[in-house]
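In our numbering, the protein residues as written are 686 to 962.
Here's what the structure looks like:
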């Protein structure tokens, strides 16, 4: 049994503030240990539950945040950027039996600690076929195309609630409770490690490849906080305006859809100017 562990940082233990996840800050350096602890707990639990192999895909920002020297030696880690499927890179090779989303968060424009979708700001909402789409929902649709079930989701309590709408069978483990976008009631690392390990052990029983789900075509809409960003996004082929600050595109598969999404966010982030956005 092989599990892909997609590791994001905003939903990690103790993380509540931009500086906690911004590479290079003092707080980020401190929170890297919390992040690594969450991932190690998930690895241990998945192996406790019968997994033979765990591949960790580093999925936050520069994708170079986890402390390799502290990683459970039984796992392997894919680190670094510019991967075909970004946060779920590795799922496409036909040898993954389940995927765990560790340290995930809610989507742009919704309640949740450090809520966003791909870009920290600029995007105010994302929808797939009319449904609000967090990074978790987007990645779960990619996983489904490869017949890989989402078995575990960790993050704040709002993230676990969101996950029940796109991965209802997955085990959810809340490491903190939402108060505001930049505040949460946090559990200590010793407690969250135990909770994640227990949840991951139970989640391993849900692993097992299924028939690929061909759910397309998918229509993706993005809303931005400034008009010029919608204009910038239309540089990407197939992307069109559907409102003053909205764009949309349609893809036959979510593999194509997530790659187009990545292109749009790359173009838009380059169009953001300091101070005014």
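All residues carry an ideal CB built from backbone N, CA and C; glycine is no exception.
If you're wondering where the values come from, they're calculated on a predicted model, not measured in any experiment.
- Residue burial classification, residue 717 (beta-carbon count within 10 angstroms, cutoff 16): Per the 10 Å Cβ criterion, buried.
- Cβ-Cβ distance between residue 771 and residue 957 below 8 angstroms: No.
- Item | Through-space distance from residue 822 to residue 832, alpha-carbon basis | 15 angstroms
- Item | Those residues which DSSP pairs with residue 688 across a bridge | 739, 783
- Task: Using three-state DSSP, classify residue 849 as helix, strand or coil.
- Result: Three-state result, residue 849: helix.
- Message: In this structure, how does DSSP classify residue 703 when only helix, strand and coil are distinguished?
- Response: helix
- Query: When we look at the beta-carbon of residue 834 and count the other beta-carbons within 10 Å, is it buried (16 or more) or exposed?
  - Reply: buried
- Counted within 10 angstroms of its Cβ, other Cβ atoms place residue 769 as buried (16 or more) or exposed: A residue is called buried once 16 or more other Cβ atoms fall within 10 Å of its Cβ, and residue 769, having fewer, is exposed.
- Message: One question on the structure: do residue 889 and residue 736 come within less than 8 angstroms of each other, judged by their Cβ atoms?
- Response: yes
- Query: Helix or strand or just coil, what does DSSP make of residue 817?
  - Reply: strand
- Task: State whether the stretch 780–788 contacts the stretch 686–697, with contact taken as three or more CB pairs (one from each stretch) at a distance under 8 angstroms.
- Result: yes
- Message: What does the alpha-carbon distance come out to for the pair residue 763 and residue 901?
- Response: 29 angstroms
- Spatially closest choice to residue 858 from 701, 880, 829, 714, by CA coordinates: 880
- Message: Are the CB atoms of residue 751 and residue 791 within a distance shorter than 8 angstroms?
- Response: no
- Confirm, please, whether the CB-CB distance from residue 903 to residue 935 is below 8 angstroms. yes
- Where does residue 826 land, buried or exposed, given buried means 16+ other C-beta within 10 angstroms? buried
- Message: Can you look up residue 768 in the DSSP assignment and give me helix, strand or coil?
- Response: coil
- Message: Am I right that residue 747 and residue 766 are in contact with their C-beta atoms under 8 angstroms? What's the rounded C-beta distance?
- Response: Confirmed, Cβ separation roughly 6 angstroms.
- Would you mind working out which of 798, 947, 953 sits nearest residue 870, comparing C-alpha positions? 798
- Message: Assuming residue 857 is part of the alpha helix (DSSP H), what are its boundary residues?
- Response: It is not in any alpha helix (DSSP H) - residue 857 instead sits in the beta strand (DSSP E) that spans 856–865.
- Query: In angstroms, rounded to a whole number, what distance separates the CA positions of residue 924 and residue 819?
  - Reply: 20 angstroms
- Buried or exposed for residue 896, please, with buried defined as at least 16 other CB atoms from any protein chain shown within 10 angstroms of its CB. Residue 896 comes out exposed.
- Cα-Cα, which of 714, 694, 726 is closest to residue 874? 726
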